[in-house]
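Enquirer: Taken in order, the sequence shown gives residues 19 to 148; the numbers are from the numbering used here. Cβ atoms here follow ideal geometry from the backbone N, Cα and C, with glycine treated the same way.
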Amino acid sequence: MKDVRVLIVDDHTFFRIGLVQWLNQQAGIKCCGQADSCATARRAIGELKPQVVLMDLALGDGDGLDLTAELSAAYPNTRFVVLSQRDESVYAHRALQSGARGYIMKSEATETVLQALQGVMRGELFVSRQ
19 MKDVRVLIVD DHTFFRIGLV QWLNQQAGIK CCGQADSCAT ARRAIGELKP QVVLMDLALG
79 DGDGLDLTAE LSAAYPNTRF VVLSQRDESV YAHRALQSGA RGYIMKSEAT ETVLQALQGV
139 MRGELFVSRQ
């Protein structure tokens, strides 16, 4: 079985690099690329063709919800999971309406991120129990 190809979209370099390293240590997952803005995300998704995009909501050149809506319409076979520090009780519903298949707070444990990726690849929606 091939590794799940994941693209990370986050404008915080330190967080993004750490996430890339962590993902590449997980069995069955491969970080195929990263983007730090809406503009680079648009290019990267077309070039790299990830199966999953981990998307932050706060990007320097735009809004992650708007970008999720745009890209999920353009790439219907790609699954989007929001990974944000914004309050899930406020933003998860909006993210799902924008085309995301999951919502994870950045404060969650790494196991939760892994569960979300595995769940959305099985076709499930993922949000926390709260």
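Let me make sure I understand the geometry here. Which of 145, 137, 42, 98 has the alpha-carbon closest to that of residue 123?
Expert: For the purposes of this step, residue 123 is taken as residue 105 along the sequence shown, with counting starting at 1. Nearest option by C-alpha distance: 145.
Enquirer: Could you tell me which residues DSSP pairs with residue 48 in its beta bridges?
Expert: To locate residue 48, count along the sequence shown from 1; it is residue 30. DSSP, once it has assigned bridges, lists 23 as partnering residue 48.
Enquirer: Could you say which of 82, 119, 129, 40 lies nearest to residue 140 if we only look at CA atoms?
Expert: On the sequence shown, residue 140 is found 122 positions in, with the first residue counted as 1. Nearest to residue 140 by C-alpha distance, out of 82, 119, 129, 40, is 119.
Enquirer: Going by beta-carbon coordinates alone, are residue 25 and residue 71 separated by less than 8 Å?
Expert: As a working note, residue 25 is residue 7 in the sequence shown. As a working note, residue 71 is residue 53 in the sequence shown. Yes; because the gap between Cβ atoms is below 8 Å, this pair is in contact.
Enquirer: Is it the case that the region 30-49 contacts the region 81-99, given that we only count it when at least three CB pairs across the two stretches are under 8 Å?
Expert: no
Enquirer: Kindly provide the ranges of any alpha helix (DSSP H) runs that are 4 or more residues long and lie completely inside the region 90-138, ordered along the chain.
Expert: Listed in chain order, they are 106-115.
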